[in-house]
Amino acid sequence: LKSNNHQLFLGSVRIFTDTMVGNRFFTFIISAFVFNLNTVFCATCWSANACIDAGECAAKGGNSQANLCPGAVNIRCCSCSTCMEPTACTANGGTPYPGICPDADNSQCCKSGTLPTVPSSKPINTMLTGLADILRGAGLNVVEEEGWKTRGHSVMSSVKGIVVHHTAGPATGEYPSLKIVRDGRSDLPGPLSQLGLGRSGTWYVIAAGKSYHAGSTKDDTLFGNANAIGIEAEGTGLPADNSSHKNWPEVQWQSYVRGVKALQAAYGVPTSNVLGHKEAAVPAGRKIDPNFSMDEFRAALG
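Mapping the sequence shown onto UniProt numbering, position 293 (from 1) lands on 293, and the numbers just tick up by one.
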């Protein structure tokens, strides 16, 4: 039974009970029965996980519908009108959000108009304020450092390359190098990279502007500070043998790959322009980071 039909049926039960029995107690019992049937037959949200705050739903690009979820009045059933594969969404200038599409394994809700669609050869001369959304859209855990959207030594001229690093920091802790990466050293003011990556796979969004991570490179128009995103992943850098990623936590390695892929899709950076600091820096041998094989890393990027 649905909506009007079941209400008609239940109304008939009430009339019959009140008329034929005339017993208030019995009428009360029937009324309770009616209430329970109303609950059973009431339409519900397509997924319990889609019952979220209406504001959160709107922020994800979804449409919220009232009276389909239990709880407070602001908790509504959220559905998406544009579900697609996350990388396709990002490539088209959208922001993918998980949790409000039926085929959650393969598609996410694509909210348009929030990410830059910039060819890798085109200067953008702006702050990269979409970084957090790009990474979250890839399903990654993100921590935004206070003030990151205005932090930087100037605007970015373009995003033509991505340079990956390790911090050479302490052997323990999630991201103990955060303060140095954000604030710099006595000989080099921060920020020292736009992004950090903790051992748990959590991304730290530190700066939206130019960061001093690369130094002199073999091609500053591609890999210099003004044209390349820098990522400082927490790691001791030992052993310094350019080996596989076996000395890195697997969750951190997988997050590194996934995050870089999302950045590539958002800014149009080809895999050939994803270099380790040891590959980009000049003179050759000036840097050794990261201490995993960049050939393996680029192969994982696809």
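All C-beta atoms, glycine included, are put in the ideal place defined by N, C-alpha and C.
Predicted, not measured: the structure shown is a model, and the values here were computed from it.
C-alpha gap between residue i and residue j, whole angstroms
| i | j | result |
| --- | --- | --- |
| Ala-266 | Thr-90 | 6 Å |
| Met-156 | Met-127 | 6 Å |
| Tyr-212 | Asn-63 | 42 Å |
| Leu-135 | Ala-240 | 29 Å |
| Ile-100 | Val-159 | 31 Å |
| Gln-254 | Thr-221 | 29 Å |
| Glu-146 | Glu-234 | 20 Å |
| Gln-65 | Cys-77 | 5 Å |
| Thr-202 | Ala-262 | 14 Å |
| Val-264 | Ser-186 | Residue identity check: residue 264 is Gln in the sequence provided, not Val. Cα to Cα, the separation comes out at about 33 Å. |
| Ile-231 | Lys-210 | 12 Å |
| Asp-284 | Thr-87 | With the sequence shown as reference, residue 284 is identified as Ala, and Asp is not the correct amino acid for it. Roughly 34 Å separates the two Cα atoms. |
| Pro-98 | Pro-191 | 31 Å |
| Gly-130 | Asp-53 | 23 Å |
| Ser-244 | Glu-296 | 7 Å |
| Glu-174 | Asp-183 | 18 Å |
Own chain, CB closer than 6 Å to residue i, minus 5 neighbours either side, in chain order
| i | result |
| --- | --- |
| Pro-102 | none |
| Pro-170 | Pro-176 |
| Lys-287 | His-277, Lys-278 and Ala-281 |
| Ala-300 | Val-257 |
Any chain B beta carbon closer than 8 Å to residue i
| i | result |
| --- | --- |
| Leu-238 | Going by chain labels, chain B is absent from the structure shown, which holds only one protein chain. |
Option in the options with minimal Cα separation from residue i
| i | options | result |
| --- | --- | --- |
| Arg-151 | Val-159, Val-163, Gly-173 and Val-181 | Val-181 |
| Asn-247 | Phe-292, Gly-94, Phe-297 and Gly-139 | Phe-292 |
| Thr-167 | Asp-289, Ser-186, Gly-285 and Pro-283 | Asp-289 |
| Thr-217 | Glu-296, Val-163 and Glu-250 | Val-163 |
| Gln-194 | Gly-173, His-165, Ser-200 and Glu-174 | His-165 |
Where residue i falls, given that 16 or more other Cβ within 10 Å makes a residue buried
| i | result |
| --- | --- |
| Leu-238 | exposed |
| Pro-70 | exposed |
| Gly-188 | One point to set straight first is that residue 188 is Leu, not Gly, in the sequence displayed. Label assigned to Leu-188: exposed. |
| Ala-179 | Note that residue 179 corresponds to Lys in the displayed sequence, not to Ala. Lys-179 is exposed by the Cβ-count criterion. |
| Ala-273 | It is worth fixing the name first, because residue 273 is Asn in this sequence and not Ala. Buried: at least 16 other Cβ atoms inside 10 Å. |
Endpoints, the alpha helix (DSSP H) within which residue i is located
| i | result |
| --- | --- |
| Tyr-256 | 250–267 |
Residue i: first and last residue of the uninterrupted beta strand (DSSP E) it sits in
| i | result |
| --- | --- |
| His-245 | Taken as a continuous stretch (DSSP letters only), His-245 belongs to no beta strand (DSSP E), as it is neither H nor E. |
| Thr-271 | Per DSSP, Thr-271 belongs to no beta strand (DSSP E) and is neither H nor E. |
| Val-163 | 161–166 |
| Thr-95 | 95–97 |
Own chain partners of residue i with C-beta closer than 8 Å, once the 5 adjacent residues on each side are dropped
| i | result |
| --- | --- |
| Arg-258 | Ala-138, Gly-139 and Leu-140 |
Close beta carbons around residue i, own chain, < 7 Å, minus the five adjacent residues each side
| i | result |
| --- | --- |
| Trp-148 | Val-205, Ile-206, Ala-207 and Ala-208 |
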